[in-house]
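Scroll down for the structure; my scribbles are underneath it.
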Amino acid sequence: MEITVKHLTHIYQPNSPFERLALDDINVSIPFGKFITIIGHTGSGKSSFLQHLNGLLKPTKGEIIIGDHKIVADSKVKDLKSLRQRVGMVFQYPEHQLFEETVEKDIMFGPLNFGCTEDEARRRAREALEWVHLPESFLERSPFDLSGGQMRRVAIAGILAIRPEVLILDEPTAGLDPRGHREILDLFQWLNKEQGLTIIMVTHNMNDAALYSDEVMVMDKGRLVIKDRPEIVFSQRELLFDLGLDIPQTMHFLKRVSDKFGKDIVTPLFRLEETAHYVAQFLEKEKDGP
Amino acid sequence: MMNIIIGQYVPGKSILHHMDPRSKLLAVFALIFIVFLANNWVTYGVIVILTLVAIVLSRVRLRFIYKGLKPILLVIIITFVLNAFFTKSGEAIFDYGWFHLTTGGLQQAAFISVRLLVIVIMTTLLTLTTTPIDITDGLENLLRPFKKLRFPVHEFALMMSIALRFIPTLMEETEKIMKAQTARGVEFSSGPLTQRIKAILPLLVPLFISAFKRAEDLAMAMEARGYRGDIGRTKLRLLKWGLKDSLLLLVVIVLIPVLVLLRG
Numbered sequence: 001m002e003i004t005v006k007h008l009t010h011i012y013q014p015n016s017p018f019e020r021l022a023l024d025d026i027n028v029s030i031p032f033g034k035f036i037t038i039i040g041h042t043g044s045g046k047s048s049f050l051q052h053l054n055g056l057l058k059p060t061k062g063e064i065i066i067g068d069h070k071i072v073a074d075s076k077v078k079d080l081k082s083l084r085q086r087v088g089m090v091f092q093y094p095e096h097q098l099f100e101e102t103v104e105k106d107i108m109f110g111p112l113n114f115g116c117t118e119d120e121a122r123r124r125a126r127e128a129l130e131w132v133h134l135p136e137s138f139l140e141r142s143p144f145d146l147s148g149g150q151m152r153r154v155a156i157a158g159i160l161a162i163r164p165e166v167l168i169l170d171e172p173t174a175g176l177d178p179r180g181h182r183e184i185l186d187l188f189q190w191l192n193k194e195q196g197l198t199i200i201m202v203t204h205n206m207n208d209a210a211l212y213s214d215e216v217m218v219m220d221k222g223r224l225v226i227k228d229r230p231e232i233v234f235s236q237r238e239l240l241f242d243l244g245l246d247i248p249q250t251m252h253f254l255k256r257v258s259d260k261f262g263k264d265i266v267t268p269l270f271r272l273e274e275t276a277h278y279v280a281q282f283l284e285k286e287k288d289g290p
Numbered sequence: 291m292m293n294i295i296i297g298q299y300v301p302g303k304s305i306l307h308h309m310d311p312r313s314k315l316l317a318v319f320a321l322i323f324i325v326f327l328a329n330n331w332v333t334y335g336v337i338v339i340l341t342l343v344a345i346v347l348s349r350v351r352l353r354f355i356y357k358g359l360k361p362i363l364l365v366i367i368i369t370f371v372l373n374a375f376f377t378k379s380g381e382a383i384f385d386y387g388w389f390h391l392t393t394g395g396l397q398q399a400a401f402i403s404v405r406l407l408v409i410v411i412m413t414t415l416l417t418l419t420t421t422p423i424d425i426t427d428g429l430e431n432l433l434r435p436f437k438k439l440r441f442p443v444h445e446f447a448l449m450m451s452i453a454l455r456f457i458p459t460l461m462e463e464t465e466k467i468m469k470a471q472t473a474r475g476v477e478f479s480s481g482p483l484t485q486r487i488k489a490i491l492p493l494l495v496p497l498f499i500s501a502f503k504r505a506e507d508l509a510m511a512m513e514a515r516g517y518r519g520d521i522g523r524t525k526l527r528l529l530k531w532g533l534k535d536s537l538l539l540l541v542v543i544v545l546i547p548v549l550v551l552l553r554g
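Structure below.
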C-alpha cells in the first residue's frame with residue numbers, strides 16, 4: 001500500500017483577482033511505513049500539500065490515491081470521512097482545538113465521531129495518553145489547566161486515539177522547549193518503527209529532518225524540488241541555500257573544519273557522536289601526517 | 291468562507307475617495323432623512339439623478355454596488371409587492387378577489403422601493419470609498435462634542451477599529467479550527483441538522499478561548515507601548531476638510547429647500 005499523488009495542482013480562489021497557484025503539478029509516491037519530512041520556505045505549499053492528503057483541501061487538478069481511496073476535484077464528503085479515519089492530521093498548535101471539560105472526553109471525541117463505542121473510546125483514550133507520556137491522573141483534569149506542552153500532548157493523543165494508519169504533522173514541535181521537542185519526536189519515531197504508522201511531517205528544523213526521516217521532500221513555490229534520502233538532499237548545500245533553507249548543524253561544522261584545514265571532508269553525518277568521532281579520526285590523521 | 295468581504299472598501303482615486311470621511315458621513319446621514327421629503331415624480335427624479343451622479347463620481351464598478359445591494363434586494367422586492375397590492379388608490383388595473391392592482395398602488399410601491407434603494411446605495415458608496423479606519427476616525431471626530439456628556443468617544447472608536455481589524459483574523463482562526471475538527475471526524479457541512487448544531491460547540495469553545503487570549507495579549511502589548519487612552523494622543527492620519535467637502539455639504543443643504551419647494 002502506498003500514497004500516490006499524480007499531477008496535483010491546487011489554485012486558491014480560482015477565477016478571482018486573488019487567484020493564487022499553491023501547488024503546481026506535484027507527482028510523488030510514498031510507500032506505507034515510511035517517515036517522510038517536508039521542508040520548504042514559508043509559502044512553498046507544504047501545508048497545502050498536507051491538507052490534500054486527508055481531503056481537507058481538494059485538488060483543482062490531479063488526484064491523490066491512498067490505499068483504496070481516491071481524492072479528486074469532486075470527491076464526496078462521505079467517502080472523505082472514512083479516509084480521515086485512516087489519515088490522522090495534527091495541525092500546527094493543535095492545542096487550539098481542545099474544547100471538552102476533561103482530557104478524557106477530549107481524547108474520546110475523535111474516536112466517537114468515527115463510530116467507536118463509548119467503552120472502546122475510553123480504552124483508547126487511556127492508551128493514547130500513555131503513548132504521549134502523560135499520567136493517567138490527567139484523564140479527569142480540564143485540558144485548560146495544563147501547561148502548553150501538556151496541552152499539545154493531549155491534542156496529539158486525541159488524534160492517535162482515532163488509530164490512523166498515516167499520521168500527518170504540521171510543525172508539531174513549534175514553540176516547545178528542547179526537551180518537549182525531543183520527546184515528541186521520539187514518540188513519532190516510536191509510532192513509525194513499532195506501530196508501523198506512516199509519518200509525513202512538515203518541519204523547519206533541518207536537524208530533525210536529517211535525523212528522523214527516511215526521505216526528505218523539498219518544496220519551493222508550489223513545486224516539489226527533490227525527494228530523496230536525507231544524506232543526498234543535505235549534500236546539496238548550494239541548492240538548499242538558494243531556496244532559503246539550511247543544512248543540519250553537523251554539516252555546517254564539517255564545512256568549517258574543511259575550510260580551516262583546506263581539505264574537503266564534508267560528508268553527510270547528522271548525529272553528534274558520529275560527527276565527533278569522524279572529526280577526531282580526521283584530526284588524528286592530520287597530526288600523524290605531514 | 292473567504293468570499294464574505296467585510297469592510298467592502300475598494301481602493302480608488304476618485305473624488306469621493308479623496309473626500310474627508312466626516313463630510314461623507316454627515317452627507318449620508320442627512321440624506322437618509324432627506325430622502326423622505328420626496329413624494330412625487332419630480333422630487334424622486336432629483337434624488338435619483340443625484341444618486342446616479344454620486345455613483346459616476348465614485349468610479350466604483352457597478353458590480354461592487356450590486357454586491358452591496360444583493361443582501362437587501364429581497365427586502366426591496368417584498369416591499370414593492372406588498373405596497374403594490376395593498377394600496378388602493380387611483381384607477382384599477384387588475385382586480386381579482388383578494389388581489390387588486392391600482393395605478394396609485396404601483397406608484398406608491400415604486401416610490402418606496404426607490405427610497406430604499408437610494409438609502410442603501412448611498413451607504414454602500416460610503417463604505418466602498420472609505421476605509422474602515424477612516425470611517426472610525428471620522429466618527430470619533432464627529433462625536434467629539436458628546437465627550438462633554440461623558441460619552442467615551444475615543445474608547446468607542448478604538449473598540450470599533452479593533453473589532454474591524456480582527457474580523458479577518460477571527461475568520462482565519464475559524465477556518466483553521468474547522469479544519470482541525472473536521473480531521474477529528476466532525477461534519478460541518480453535511481449530515482442531519484441536529485448533528486450539525488452539535489458540531490458548533492467544538493468550533494465555538496476554542497474560538498472563544500483564543501479570542502480572549504488574543505484580547506489579553508493585545509491589551510498587554512498596548513500597555514507595553516505606553517497606551518493610556520486619548521490623553522495627549524496625536525494622530526498619524528490627520529483628517530483634512532477641503533473645498534469639495536464644503537461643496538458636498540452645500541449640495542445636501544440646498545437639496546432640502548429644493549425638495550420642499552418641489553414636493554406636492
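So the sequence lines, in the order shown, correspond to chains A and B.
For the first sequence, this note's numbering begins at 1 and goes up steadily by one.
For the second sequence, this note's numbering begins at 291 and goes up steadily by one.
Idealized CB from N, CA, C, for every residue including glycine.
Against chain A, the beta carbon of Ala505/B has no neighbour under 8 Å; the closest one sits roughly 15 Å away.
Within the same chain, Gly180, His181, Ile184, Leu185, Thr203, Asn205, Asp208 come within 8 Å of Thr173/A by CB-CB distance, once the 5 residues on both sides are set aside. For Glu2/A, the secondary structure class from DSSP, reduced to helix, strand or coil, is strand. Residue pairing of Tyr12/A in beta bridges, as defined by DSSP: Arg20/A. Under a criterion of Cβ atoms nearer than 9 Å, the residues of chain A adjacent to Val495/B are, in order, Leu98, Phe99, Glu100. Just so you know, the alpha carbons of Ala453/B and Met512/B end up roughly 15 Å apart. In the DSSP assignment, Ala161/A falls outside any alpha helix (DSSP H), carrying neither H nor E. Under the three-state reduction of DSSP output, Lys260/A falls in the helix class. Take the alpha-carbon of Phe441/B and the one of Glu430/B: they are about 11 Å apart. The CB of Thr472/B comes closer than 8 Å to the CB of Leu56, Arg84 in chain A, given here in chain order. Shown here, Thr203/A sits in coil according to DSSP, grouped into three states, outside any helix or strand. At a cut-off of 8 Å between C-beta atoms, Pro94/A counts as an interface residue with respect to chain B. Where Gly40/A is concerned, the enclosing beta strand (DSSP E) starts and stops at 35-40. An exposed status is given to Ala280/A, since fewer than 16 other beta-carbon atoms sit within 10 Å of its beta-carbon.
At a cut-off of 8 Å between beta-carbon atoms, Phe114/A makes contact with chain B. The CB of Met89/A comes closer than 7 Å to the CB of Ala473 in chain B, given here in chain order.
For Lys314/B, the number of other beta carbons within 10 angstroms of its own is at least 16, and it is reported as buried. At a cut-off of 8 Å between beta-carbon atoms, Gly110/A makes contact with chain B. In this chain, the alpha helix (DSSP H) harbouring Phe323/B covers 311-324. For Gly158/A, the chain B residues whose Cβ falls inside 9 Å of its Cβ are Arg474, in order along the chain. Interface with chain A (8 Å Cβ-Cβ cutoff): Glu462/B is excluded. For the set Leu533/B, Lys357/B, Leu460/B, the Cα lying nearest the Cα of Asp310/B is the one of Leu533/B. Residue pairing of Pro31/A in beta bridges, as defined by DSSP: Glu2/A.
Taking a cut-off of 8 Å on C-beta distances, the segment 118-132 of chain A does not touch the segment 475-492 of chain B, as fewer than three cross pairs fall below it. Close partners of Ile467/B in chain A (Cβ separation under 8 Å): His96, Gln97. Within the segment 381-449 of chain B, the complete alpha helix (DSSP H) segments at least 4 residues long are 393-419, 422-432, listed from N- to C-terminus.
In the three-state scheme derived from DSSP, where H, G and I count as helix and E and B as strand, Leu224/A is classed as strand. Within the same chain, Cβ atoms closer than 7 Å to the Cβ of Gly45/A are found at Ala22, Leu23, Met219, Gly222, the five residues on either side in sequence being excluded. Think of a sphere of 9 Å around the beta carbon of Pro492/B: the chain A residues whose beta carbon falls inside it are Gln97, Phe99, Glu100, Phe109, in chain order. Pro435/B counts as exposed, since fewer than 16 other beta carbons sit within 10 angstroms of its beta carbon.
A Cβ-Cβ separation of about 15 Å leaves Val408/B out of contact with Val346/B under the 8 Å criterion.
If you look at Ile368/B, you'll find it in the alpha helix (DSSP H) that goes 352-376. For Ser313/B, no CB of chain A lies under 8 Å from its own CB, so it is not counted at the interface with that chain. At a Cβ-Cβ threshold of 8 Å, Ala157/A and Val132/A count as neighbours. Rounded to the nearest angstrom, the gap between the Cα atoms of Thr414/B and Val350/B is 11 Å. Looking at the backbone, the Cα of Glu194/A and that of Pro422/B are separated by about 56 Å.
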